[in-house]
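Numbering (the numbering used here), first residue to last: 40 to 133.
All residues carry an ideal CB built from backbone N, CA and C; glycine is no exception.
Here's the structure we're looking at; comments come further down.
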């Protein structure tokens, strides 16, 4: 499952944790400013780190994800919280 993470300047160990749960390609947008780029076509899930994102960018990503039928996970930049939410959404790691 390819993921787009939106928010935070640095991800720390989040990419490694997601790969352990089955993630393939991981894209990252910092979320500090409005980006005009499109969500990559091979993305299967979007993760929004809501404590590190511009409100307008969050709304745009949410809208585009809904149009494409992509699942969105909203989380703080916390591996524990993010891991639980990803597992709940896709049922991995159980």
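- Within the stretch 81-118, the complete alpha helix (DSSP H) runs of at least 4 residues fall at 94-107.
- Residue 94 and residue 50 have their alpha carbons spaced roughly 19 Å apart.
- For the options 83, 90 and 41, the alpha carbon positioned closest to that of residue 106 is the one of 83.
- Residue burial is scored here from C-beta neighbours: residue 46 has at least 16 other C-beta atoms within 10 angstroms and is therefore classed as buried.
- The Cβ-Cβ distance between residue 78 and residue 112 does not fall below 9 Å.
- Check the Cα spacing between residue 110 and each of 120, 117, 125 and 118: the tightest is with 125.
- From the listed residues 103, 41 and 108, the smallest Cα separation to residue 59 is found for 41.
- In the same chain as residue 54, and ignoring 5 residues on each side of it, the C-beta atoms closer than 6 Å to its own belong to 65, in chain order.
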